[in-house]
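Let me begin by presenting the structure, written as structure tokens, before commenting on it.
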Amino acid sequence: MRTSRLRTVHPVLWAGWAALAAGAVLCVVGWYGVSGERYAERQLPYLASCTVPGAALIIAGAVLLAHGRGSVAAARVEELYGLLVAAEPGDDRADAGTGQAAHGPLAVSGDLLMVPGGTLWHRADCPLVAGKAEAVPVDSKLVASGELGPCPICEPAEETD
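Read in order, the letters of the sequence shown correspond to residues 83 to 243 in this note's numbering.
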């Protein structure tokens, strides 16, 4: 799995590493040029032509790396969400290509729960609340007011009393 991940490295990451390397080389060249000159007026051309652009390339490379890693992480989260939604209890393989549930919701319990401070209500056997001690029964007033929405994973029906 690691080899397949290496083949699909995001181009923004390569651009970020290239900018960092070029910036570091320019800074070293600028430092070397400045260190060989005794007078400030002879050092300024090295600062203007090497050190300042080198620092700018280092900053640009850092921004590109941060953006590239964020987009790679977002793609991984989407892939994992697709696997979670597509998985069926007892089924070891999931249809990750469609990203949709193959045969309905993961949970089928009629009891509805919520987590205090949360924004969704869930079935009692939903994988997101199953086994959580802080999960409490759903308050029908919160559902009626629209403060809570249905969980997209277990797809509970509005059966609150």
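Backbone N, C-alpha and C define an ideal beta-carbon position, used for all residues, glycine too.
query	result
Of the residues GLY199, PRO209, CYS208, the one placed nearest ASP221, counting alpha carbons only	GLY199
Buried versus exposed call for VAL121 [16 or more other C-beta atoms within 10 Å across all chains shown]	Just to set this straight, residue 121 is Tyr in the shown sequence, not Val. Exposed is the call here.
LEU210, DSSP secondary structure in three states	coil
Terminal residues of the beta strand (DSSP E) in which LEU244 lies	No answer is possible for residue 244: it lies beyond the span of the chain, which begins at 83 and ends at 243.
Short Cβ contact (8 Å threshold) for GLY115 with TYR128	yes
Identity of the residues DSSP links to PRO219 by a beta bridge	LEU195
C-alpha gap between THR133 and ILE235, whole angstroms	53 Å
Separation of GLY164 from ALA138, as counted between CA atoms	39 Å
Opposing strand residues paired with PRO234 [DSSP bridges]	PRO234 is not bridged to any residue.
Collapsed DSSP secondary structure at HIS92 in the structure displayed	coil
Whole-angstrom distance between VAL197 and GLU216, CA atom to CA atom	6 Å
C-beta atoms of LEU146 and VAL107 nearer than 8 Å	no
TYR114 (DSSP reduced to helix, strand or coil)	helix
Euclidean distance between Cα positions of SER227 and GLU160	30 Å
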